[in-house]
Each structure stands twice: as C-alpha cells, then as structure tokens.
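Participant: Quick note: the sequence shown, position 239, residue 239 per full-length UniProt numbering, numbers continuous. This is the structure, below, for whatever I ask next.
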Amino acid sequence: MARPRILARLSAQSRALLCFNNSFRRTTSKESSHRRSSASMKPTYHHNASMSSIPPSSYDVPVESIRAQEYPHMNDGTYLDHSGTTIYARSTIERFALKMSSSLYGNPHSANEPAKISGDMVDAVREKALRFLGADSRYFDLVFVANATAAIKLVADAFRDLAEKTKSGSFWYGYHRDAHTSLVGVREFTNGDHRCFADDDEVEAWLDSSGGNPGNDINNNKNKKHRPVPGGLGLFAYPGQSNLTGRRLPLSWIRKMRAQKGLKNTYSLLDAAALAMTSPMSHVFADPDAAPDFACVSFYKIFGFPDLGGLVVRKDSGHILALRKYFGGGTVSLVSTIGDAWHMSKALETSSGDENSSHGLHDGLEDGTLPFHSILALGEAIDVHRELFGSMENISRHAARLARRLYDGVSALRYPSNGQPLCKMYTEEGGAAYDDAKRQGATVAFNVFREDGSYELYAEVERLANERGIYIRSGGVCCPGGVYAALQYEPWQLNRAKSAGHHCGSNGLGVINELPTGVVRASLGAMSTIQDVDAFVSFLRDEFLVDENKKKNKNSSDKELHQGNTNSTINHPKTLNYRHYPSTSSVAENQQQKVMVAATPVVAAS
1 MARPRILARL SAQSRALLCF NNSFRRTTSK ESSHRRSSAS MKPTYHHNAS MSSIPPSSYD
61 VPVESIRAQE YPHMNDGTYL DHSGTTIYAR STIERFALKM SSSLYGNPHS ANEPAKISGD
121 MVDAVREKAL RFLGADSRYF DLVFVANATA AIKLVADAFR DLAEKTKSGS FWYGYHRDAH
181 TSLVGVREFT NGDHRCFADD DEVEAWLDSS GGNPGNDINN NKNKKHRPVP GGLGLFAYPG
241 QSNLTGRRLP LSWIRKMRAQ KGLKNTYSLL DAAALAMTSP MSHVFADPDA APDFACVSFY
301 KIFGFPDLGG LVVRKDSGHI LALRKYFGGG TVSLVSTIGD AWHMSKALET SSGDENSSHG
361 LHDGLEDGTL PFHSILALGE AIDVHRELFG SMENISRHAA RLARRLYDGV SALRYPSNGQ
421 PLCKMYTEEG GAAYDDAKRQ GATVAFNVFR EDGSYELYAE VERLANERGI YIRSGGVCCP
481 GGVYAALQYE PWQLNRAKSA GHHCGSNGLG VINELPTGVV RASLGAMSTI QDVDAFVSFL
541 RDEFLVDENK KKNKNSSDKE LHQGNTNSTI NHPKTLNYRH YPSTSSVAEN QQQKVMVAAT
601 PVVAAS
C-alpha cells in the first residue's frame, strides 16, 4: 500500500525531475560548455568505470525530489556530517508545531486531563520507538535520556553502585579499541579493573577461552586485573559502528559472551548511536537471547530532530539498573524524610516481579519530568521518516551505494606528476568492505597528502571545504583508540603529542613528528545524494590537484608546522567570493538555472 501524504505530494515533483534529468542528458556539448566555468578554474571530475553509472534509487521517488520538498534548508551547502547529526525533515517540524499549537500538554506527573494526554502520548511514542527499532516491548524497555552518553552513564552508575555491595567493591570493564570516548569514560568507575581490547582478534580470543579465562591471550596474562573474575560482576562494551571509520563490529559477540559460564555475570553494552543512523536495528533486537543487555541510541542521528536519546534495556537484565542508588522525582513510590532514611524504587518493584506494581522498568529510571515535548516530536519524526523513506532497509541500501561511490572517488584521486594517491584511506579491509553493509557504514575517513608525501593539516581541509559550503568533520571525532590505531601511534608518540600541547580542538597541531593527530571524515545519511558525493570529490580534486601556484604558496606558509613539535597556530587569510561546489538544489531552481555553475574570482581578505 502506498504511503500517504508526503509521497503523494512528491509524485508530481518526481515526474518533473525525471523529465528534467532526461532533457539535461540530451544537451549538446556546446550548451554544456556554456553552463560550466572554464576548465582551468572549475575542472570536471571524471568518474572511473565503477562510478560511471548512477545507482538506482532505493526509495519510491528520487531522493532529489525528497530533498527539494522536505529539506530546502540543505540547498545552500553540501552536508556530509551525518554521523554528527542527520538533518530533520520539514514535515516533522510542521506536524510537531501543529500538535503543539492545537493541543494542551501538561506535566505527565500530574493527574489532570492535559497531564493524562501527555502521559498517554509518551506511552504511545515509547511503544512506537521500540517497534521502529525492532525491539519487542515484551522483552525490551526504552528509557528516554538526553543522548547516548547519558544512556551510557546511567548504565555505568548502576554498575558502580551495585559493585560497591560486592566483596571486591568493584566491577570489571572491558571495551573495544573503537569505543566512543563516552564508553571509554566508564573505566573510571572500576578502580583500575578494566581492559581495552586492541582489536577484534583479542575479543575473539577472550570469548573463545574456557569459562571466560584468558587462555592463550598473552596480552591479558600480563595483568590478572585486566580479566574478569569468573562469575564476577562485569561489563563488556563496544560500538556497533566505529565513529571514526564507519566499520561495523560483530554483533555475534553478544550471544557468544552470554554462552560462557564464566561470564554469566558479565553484561553487554552496545553503543548503537552510529549504527542506528543508516542500519535497521531489527537484526540487533530480533532475538532477545542474542540481543545486548543494554543498547544506547541517539534519535537525532536517525531523524535530525528532536535532540533525544534512548537506552534500550533487555528486561531480563533490568535488575542491574534497578539497584542504582540515586533516585529522582517520579522514580520512587514513597520516600521517607523522617526517622530512618528509606525509599521505594519503582524500578526495583518492577524487576522484583511485584504483581501489584503498575510501573515499568523505565518508570524507575527516568529521573524528573520527562522531556515530553521532545517525545511528542519523536513520534512525528518516526512517522515522517517512514513516509519518506519506507524502511531502514531502504536507507541502508541507499547509503551503502553512495558510500561506495564516495570511497571510490576519493581513493582514485592521484597527483598527475608522480601518480601518488592524494588521500590516505582508513579502512581495515580496503574498498571491499563498502560492498557489505554488515561490515561498513556510510562513512569515509582519510587524510590528505601533499605532493611531497607530507600530510596536509586536517583542519585546513575542513576549513577549505567549509568556505566552499561543504560541511565535513575533522580531528579525533571522539574515537581516541580508533584514531591511534589508524594513525599507528605508539604510546611514546602520544605522550610527545600531549607534551607538545595537542588536545581536542588544537587545530594548529594537526601534524606532529610527521604524523597527523586526527583525520578528515565525511559521512552520509538517508537524504544524501549523488550530487553531494560528487561535489566533495570535485572539491578535493580542484583544491589539491589543480592549482599548483596556490598549493606552493600554502605549503610555504605552513612549512614550520611540519618540522617537529610546535605550538604555532594557523593564521590563514579569510577567502571571500570563493568558488562554490553546489549540493542538490531544489528542482525548481535547477530547472530555472539549468545547473549553471559559474566560478567567481578568488579575492583574499585584507
């Protein structure tokens, strides 16, 4: 059955777009020449054979038509930072505004009619969000939080509080090298009883060993504190997708860990924030026996709006969270402030199987008044998302095709003078990973080489792209272990970088001891287009492979930054009236302008 409202509105626009595309392909070479600026100022990017064909749309209508109707706020730039947040649809905002202005919503903790409306709405959206994630509410609960980091901290607080009641007074914590900074921070609650797994093989060796003991895991044998005590309280955390490279990690570890008798009290925490952005989550939660005990998501990375996160809890593991110490408003049934200090936790009532309790696990974990207006917006965002894109499977196919094109385009760029690649690509399996959505997300991470083989400053690449209306991200991207592994850092090199003054945001120290301190990252989303990909590849080619005089002048001004440790910062003149590499514009604008891209002179600011 056709999806209502939005697609019907888009159908006429889709036909116009298809007619326009067909007429555009039939233009003569003379007309094409007139529309383009001169080759010396705006070279055309020539695709290799593998990029010559436009991948078919995964949606019912062309994504360009969806962009024109629902994302007009993206017309003035090329947005390639979806891993930070994706972009919200116009209909989401309109529907949210309509509901806000046509209904009265009260605080769900009150009992009046507006409060009941809010409470019923929150319950309905919670169920809708679980269905969207493919998590059956019979086996999973959803706790609304501010963001994925808040979800991680909620789990960490509970483990710390529970560990204090044990004989050891602590819990073991293991995390993968590719963990987001927010996962790494959990180790501070363990009194040093933690371990960072250097790669997938170390995790496999740990899981394959009998009873969870380290076995042949030589690195783990060096310090017994770095392995969990058989049967002791533990937590193993890892990302479903690297925030750095987009590499997707095995979900099979969870089932494998749960099958180990020696790890019966070691629980799993999956950071699914990046994974959920362009991947169906049904394969994560379809089987409760293979699902993580705890999984965090960021709804703004999926829908763009609202700014809201969630913690999906496997109900069989919910008792761990119910034993946390802190309680906030709305999470307790009764509190004593006279005589002995005691309280009745709603979460504990639920986890203990109290048949008289009307509360869910989430009732004892959502401290204070819920962000019920944001939850209202989430319900609208889910509906609009489904109407526009159909399913997460569609989005996964669409994003994977574009990611393949992006990787091929960037990796194919080479210096004409010596044939050396322009970019150092960071992927463990090369381009082959981009053929399998189970192994790779829609993210490309790299650094730019200069012609002499030295590294260009990643912050400079981002600056130049930003001036041309292309929005990417550079730096450590909150994935410290992944960065150190990709850049092949040794501990002494990291210590030297620290001594030199390098830290997050210290863009002037982009290269130390001839090694970069971060990367350039481009990431795609549901509404990304081929034009977005090609605009970025063209920018790299035009900026770094064409204008030799400009490149030589820039190399001279930055030379000191590549001669060792320095605390110098970059002071580049502001560039005005820059050449603009357009992203997808509205169909109407395309028809009027006939995709005329005129290059304007580059004038340095005084």
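For each residue, glycine too, the CB sits at the ideal point set by N, CA and C.
Is the number of C-beta pairs between the region 265 to 272 and the region 170 to 187 that are closer than 8 Å three or more?
Facilitator: A contact exists between the region 265 to 272 and the region 170 to 187.
Participant: Taking all protein chains shown into account, do 16 or more other C-beta atoms lie within 10 angstroms of the C-beta of K438, making it buried, or fewer, making it exposed?
Facilitator: Exposed, because fewer than 16 other Cβ atoms sit within 10 Å of the Cβ of K438.
Participant: Thinking C-beta only, is T369 closer than 8 Å to N147?
Facilitator: In this structure, T369 does not lie closer than 8 Å to N147 by Cβ.
Participant: Exposed or buried, which one is A412 when buried takes at least 16 other CB atoms within 10 Å?
Facilitator: Burial call: buried.
Participant: Which residues in the same chain as L104 place their Cβ atom closer than 6 Å to its Cβ, once the five residues preceding and following it in sequence are excluded?
Facilitator: Hits under 6 Å: P114.
Participant: Going by DSSP in three states, V61 sits in which element: helix, strand or coil?
Facilitator: Three-state DSSP puts V61 in coil, outside helix and strand.
Participant: Name the two residues that bound the continuous alpha helix (DSSP H) containing T278.
Facilitator: Counting along the chain, the alpha helix (DSSP H) containing T278 begins and ends at L275 to T278.
Participant: Based on DSSP bridge pairs, tell me the residues matched to A522.
Facilitator: In the DSSP output, where bridge partners are listed per residue, A522 has V444.
Participant: With 16 as the cutoff for other CB atoms within 10 Å, does G379 come out buried or exposed?
Facilitator: By the neighbour-count rule (16 or more Cβ atoms within 10 Å), G379 is buried.
Participant: Taking the straight line between their C-alpha atoms, what separation do you get for residue 629 and G309?
Facilitator: Missing from the structure shown is residue 629; the chain here goes from 1 to 606 and no further.
Participant: If you count every other CB in all the chains shown that lies within 10 Å of the CB of S396, and 16 or more means buried, which is it?
Facilitator: S396 is buried by the Cβ-count criterion.
Participant: How would you label A322, buried or exposed, when you count the other beta carbons within 10 angstroms and need 16 or more for buried?
Facilitator: Result: buried.
Participant: Start and end of the beta strand (DSSP E) containing G310?
Facilitator: Looking at the DSSP string, the run of the beta strand (DSSP E) that includes G310 is G309 to R314.
Participant: The alpha helix (DSSP H) with G481 in it runs from where to where?
Facilitator: G481 -> alpha helix (DSSP H) spans P480 to A486.
Participant: Could you tell me how far apart the beta carbons of G77 and I470 are, in whole angstroms, since I believe they sit closer than 8 Å?
Facilitator: That pair is a contact at about 7 Å.
Participant: Taking the straight line between their C-alpha atoms, what separation do you get for Y300 and L154?
Facilitator: So the two alpha carbons sit approximately 19 Å from each other.
Participant: Are H82 and M277 touching if we call contact CB-CB under 8 Å?
Facilitator: Yes.
Participant: Can you check whether the CB of H362 is closer than 8 Å to the CB of V143?
Facilitator: Yes, these two residues count as a Cβ contact at 8 Å.
Participant: Going by the CB atoms, is the gap between P228 and H176 shorter than 8 Å?
Facilitator: Their beta carbons are not under 8 Å apart, which means H176 does not touch P228 by this criterion.
Participant: Would a C-beta distance cut-off of 8 Å place V63 and M527 closer than the cut-off?
Facilitator: It is a contact, given that the beta carbons lie within the stated cut-off.
Participant: Measuring only the C-alpha atoms, how far is Q260 from G231?
Facilitator: Roughly 10 Å separates the two Cα atoms.
Participant: Have a look at S101 and I93 and give me their C-alpha separation to the nearest angstrom.
Facilitator: Rounded to the nearest angstrom, the two C-alpha atoms are 12 Å apart.
Participant: Nearest to Y88 by CA position, among F303, F140 and K167, is which residue?
Facilitator: Residue F303 is the option with its Cα nearest to Y88.
Participant: Rounded to a whole number of angstroms, what is the C-alpha to C-alpha distance between S137 and D123?
Facilitator: Approximately 11 Å between the Cα atoms of the pair.
Participant: Pick out the complete alpha helix (DSSP H) segments inside the region 130 to 209, 4 residues or longer, and give them in chain order.
Facilitator: Complete alpha helix (DSSP H) runs here, min 4: 148 to 163, 181 to 184 and 200 to 208.
Participant: Look at the alpha carbon of K346 and the alpha carbon of D367, and state the distance between them as a whole number of angstroms.
Facilitator: Distance between the alpha carbons of K346 and D367: 11 Å.
Participant: Relative to the C-alpha of F189, which candidate in A163, D307, F536 and Y79 has its C-alpha closest?
Facilitator: Cα-wise, what sits closest to F189 is A163.
Participant: Mapping the DSSP letters down to three states, classify M257 as helix, strand or coil.
Facilitator: Helix at M257.
Participant: Which residue from G441, G518 and E460 puts its Cα closest to that of G475?
Facilitator: The option with the nearest alpha carbon to G475 is G518.
Participant: Identify which residue in E428, G409, Y434 and R541 has its Cα closest to the Cα of L464.
Facilitator: Considering only alpha carbons, the answer is R541.
Participant: By the 10 Å Cβ neighbour count, where 16 or more other Cβ atoms means buried, how is A432 classified, buried or exposed?
Facilitator: A432 is exposed by the Cβ-count criterion.
Participant: Less than 8 Å between the C-beta atoms of F544 and V448, yes or no?
Facilitator: Going by C-beta atoms, F544 is nearer than 8 Å to V448.
Participant: Would R324 and F140 qualify as a contact pair, given that the criterion is a beta-carbon distance under 8 Å?
Facilitator: Contact flag unset, no.
Participant: Measure how close the beta-carbons of R521 and A445 come, nearest whole angstrom, since I'm counting them as under 8 Å.
Facilitator: Right, their Cβ atoms sit about 5 Å apart.
Participant: Does the distance from the C-beta atom of H283 to that of S58 stay below 8 Å?
Facilitator: The answer is no: Cβ separation not under 8 Å.
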